[in-house]
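Those sequence lines, one after another, are chains A and B.
Note that this note's numbering gives residue 48 to position 48 of the first sequence, counting from 1, and the numbers run on in steps of one.
Note that this note's numbering gives residue 1134 to position 134 of the second sequence, counting from 1, and the numbers run on in steps of one.
Structure first, then comments.
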Amino acid sequence: MTDKTLNVGGTVALPKPEFDLLLADLRKNGYQTVGPHMQDESIVYTTIDGLKDLPRGILSDQNPASYRMIQTGRDRYFDFIPANQSWKQFLFPPRHTLFSAVKEGKWQFKENDEPAPRFALIGVRACELAAIHIQDKIFLREDFNDPIYRLRREGLFILAVNCLDPDATCFCVSMGTGPRLGAGFDLCVTELDEVFLVEVGSELGRALLADRTFDLPSAFVQNTASQAMERAAQSMGRVMDTSDLPDLLTDHLDADRWNDVSKRCLSCANCTMVCPTCFCWDATDQVDILGKSTRRERVWDSCFNPNYSYVVGGNTRPNIRSRYRQWLTHKLGAWKVQFNVLGCVGCGRCITWCPAGIDITEEISAIRAEVKS
Amino acid sequence: MTTTQINTGAHSAGYPDKLLLPQWAEIVKSIPEAEGVTTFQFKFTDPDVQNRYRFEPGQFNMLYVPGYGEAAISMSSDLETAGGLLVHTIRHIGNVSRATSRLKVGDVVGIRGPFGTSWPMETIEGMDVVIACGGIGLPPLRGAIYRIIRNREKYGKITLLYGARTPKDLMFPTEYETWQKAGFDMQVTVDRGDENWTGRVGVVPMWFYHFRVDPHKTAVLTCGPEIMMRFVIYEALARRIPPEHIYVSLERNMKCGQGACGHCQQGPYFICKDGPVFPFSALDKIFNVEEY
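In structure tokens:
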């Protein structure tokens, strides 16, 4: 049975080899296809051409301060969860030239007129899509509209993937962001052994599939997929109670737990770099040695960097205690006041990539226990 | 939240569609103010920007020195008093502000702004005003002082408490006579006098002991070191001045001025956008939290 009139909301069955045609179509339409790829024993998001670049038969085993690849030999491409870095790097580049200034007599500006790349993100998880929606609220506001982010966001194609095998660090169910995709994608894939089920989420997604004919998924296949998704929702590695946030944190800035965590935290900023919602940035001048020309760049910054809160005469947060407290009380506290959403999606990256294995869910529980005792 | 209103065209210097790209402004005049402090008068290179640019006292600009970067600096005058020129008084103490010490008339800097909230000049009409400032905290208040003098009948008794480290560090000393003639009760104090100093020695908050306030019709505007402001607030509250009438100008590391880069956060606020001027009623939960 084939479907000639594919609508938004409809689902088709895509034989796995045909996935490459989909990516080829995206490139033909001017997109740079970026997705998961195994590199240096971890999964990164980078330019991919097709299935051959995807991490076939790979599971990631993530725990506090631990990230290991497991070869399963299965014919699966999206079993790993999640990649080491988030998609943030494509919408909010880690380093971006804003403009240059050249002194020829007087100083002159030269703008950066490089066109924004158009990315097709291949394999966006529910928590990661939620993170993009949170960053939309930060970068695309009424009183601040980030031109770098906006151009990349407007040109974006999102091919999402439903998670079937959450990791030990995952807690998207607690944050209400996953594991099943809701809305906001162009296409959404659920991967089974023999096929990809592809759900159409937007007109853009529909248009991409319009020129091809597809089989409709059998009832058996659809049933298998929804059972797998239900299992995924019940196999979260971690739980975080959000019922008393943000007040739990903002009302207890003097909790003893801040002292405790400050002895373990190295203030290395890893958590903020891998976090898909952390948005802080710095602007720096890259100046030539004669002082005749300079390039002004925007770079990622972190509230864990000592210079972050530097003012003349001192540093607002000279200690790790105050920096960790700032990070957590912002992400799960002040963030809610600022953007009407909490700043955590439950992806678990900060737990995996913390060299000291500090677990955000454990810290929240510990503060709650302390406050209630 | 309730803060003072900004009634200027937002960010008239700079480009809404080009992140951090400033407008060039030329130094028209440079006045050595005190040891390590210079007042600069600027004119935008682009006449359209020069005509369009407006701000309210208490707001700030991001000043860009090519090769060094940007610093948040308050305006230290108003356009009416400065004949339409933009005036900044800069203490040469940080990376960027030290670079400005080498600038001469005719040199250009980049400017983005104005940013932030302003002193509540309309809200406090009809009230007595205590202006309590220390060191480089006076320049951000000078625009408010000019505004009061120009509309003297709209305000009640004005007390200016100003402290500096030494007599050499006092800013704008030639103007004190004019301010006194406008009916200001001027209380100037230094931490350490010199052989010629006949005035007072001590810190700013203690001068609250020397006068009576009517708490129901008094507003406090304070700007200076955080420790000084903390005790000014303490003394004002002790005299039953309501927290919503105590206005505080805060300082934090700032990179964008638009509540975007994250640096200036304190609790729920982006100081650059929700401040720098806050009524103390908006700060009571966060102001005294150590290292917050």
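The C-beta atom is built at its ideal place from N, Cα and C for all residues, glycine as well.
C-beta atoms of Glu297 of chain A and Arg76 of chain A nearer than 8 Å: no
Alpha helix (DSSP H) runs wholly inside the region 1136–1211 of chain B, at least 4 long, in chain order: 1139–1150 and 1176–1181
For Asn223 of chain A, three-class secondary structure by DSSP: helix
Beta-carbon proximity list for Trp1197 of chain B, same chain, < 6 Å, skipping 5 on both sides: Pro1167
For Met1 of chain A, the three-state DSSP class (helix, strand or coil): Confidence in Met1 of chain A is poor, its pLDDT being 43 and thus under 50, which makes the residue's placement unreliable; the coordinate value appears in the next sentence. In this structure, Met1 of chain A counts as coil in the three-state DSSP scheme.
Beta-carbon gap between Leu192 of chain A and Val161 of chain A smaller than 8 Å: no
Contacts that Asn63 of chain A makes with chain B (C-beta to C-beta distance below 9 Å): Those do not exist, as Asn63 of chain A stays about 29 Å from chain B at its closest Cβ, beyond 9 Å.
Member of A:Ser243, A:Thr33 and A:Thr277 whose CA lies at the smallest distance from the CA of Gln85 of chain A: A:Thr277
Listed by chain order, chain A residues near Asp1017 of chain B by CB distance under 7 Å: Pro147
Contact with chain B by Glu111 of chain A, beta-carbon distance below 8 Å: yes
For Gly1009 of chain B, three-class secondary structure by DSSP: The predicted position of Gly1009 of chain B is uncertain, since its pLDDT is 45 and thus under 50; no value can be drawn from it.
Test: Gly1009 of chain B CB closer than 8 Å to a CB of chain A: Model confidence at Gly1009 of chain B stands at a pLDDT of 45, short of 50, so the residue's coordinates are unreliable; what they give is reported in the following sentence. No, its Cβ sits nowhere closer than 8 Å to a Cβ of chain A.
Minimum Cβ-Cβ distance from Gly1259 of chain B to chain A less than 8 Å: yes
With 16 other Cβ atoms within 10 Å as the buried cut-off, status of Gln234 of chain A: exposed
Burial state of Lys110 of chain A (16 or more Cβ within 10 Å): exposed
Residue environment, Arg1112 of chain B, which counts as buried when at least 16 other CB atoms sit within 10 Å: buried
Runs of beta strand (DSSP E) wholly within the region 69–149 of chain A (minimum 3 residues, chain order): 95–104, 106–111 and 119–124
Alpha helix (DSSP H) segment containing Gln326 of chain A, residue limits: Ile320 to Thr329
Nonlocal neighbours in the same chain, by C-beta distance under 8 Å from Gly1009 of chain B, ignoring five residues either side: With a pLDDT of 45 at Gly1009 of chain B, under the threshold of 50, the modelled position of that residue is not reliable, and the figure given next carries that caveat. Taken in chain order, the residues that qualify are Arg1052 and Arg1054.
Nearest-angstrom Cα separation, counted from Lys1157 of chain B out to Phe1184 of chain B: 7 Å
DSSP state of Gly306 of chain A mapped onto helix, strand, coil: A small fix is needed here, since residue 306 of chain A is Pro in this sequence, not Gly. Helix, per DSSP.
Proximal chain A residues relative to His1263 of chain B, where beta-carbon distance stays under 8 Å: Cys280, Asp282, Asp301, Tyr308 and Ser309
Three-way DSSP call (helix, strand, coil) for Leu21 of chain A in this model: helix
Below-8 Å beta-carbon distance, Val1300 of chain B vs any chain A residue: The requested residue 1300 of chain B is not part of the displayed model; chain B covers only 1001 to 1292.
Best match in B:Glu1226, B:Leu1141, B:Arg1165 and B:Arg1102 for proximity to Ser1076 of chain B [C-alpha to C-alpha]: B:Leu1141
CB contact flag (Ile320 of chain A, Ser262 of chain A, <8 Å): yes
Gln1258 of chain B: first and last residue of the uninterrupted beta strand (DSSP E) it sits in: Element bounds for Gln1258 of chain B: n/a, residue is neither H nor E.
Closer than 8 Å to chain A by CB, Val1108 of chain B: yes
Distance, Ala1071 of chain B Cα to Lys1043 of chain B Cα: 18 Å
Residues of its chain near Ala13 of chain A, where Cβ-Cβ distance is below 8 Å and the 5 sequence neighbours each way are ignored: Val195, Phe196, Leu197, Val198, Phe214, Asp215, Leu216, Pro217, Ser218 and Val221
Per-residue burial, Ser1281 of chain B [other beta carbons within 10 Å of its own, 16 or more giving buried]: exposed
Residue(s) in a DSSP beta bridge with Thr1045 of chain B: Paired residue(s): none; Thr1045 of chain B is not in a bridge.
Partners in chain A for Leu1021 of chain B, counting only beta-carbon separations shorter than 8 Å: Leu98, Phe99, Phe109 and Glu111
Proximity test, Cβ basis, 8 Å: Tyr1146 of chain B and chain A: no
Contact under 8 Å by Cβ, Gly1134 of chain B with Pro1279 of chain B: no
Separation of Thr1222 of chain B from Ile1006 of chain B, as counted between CA atoms: At Ile1006 of chain B, the pLDDT of 42 sits below 50, so the modelled position is not reliable and the matter cannot be decided from this model.
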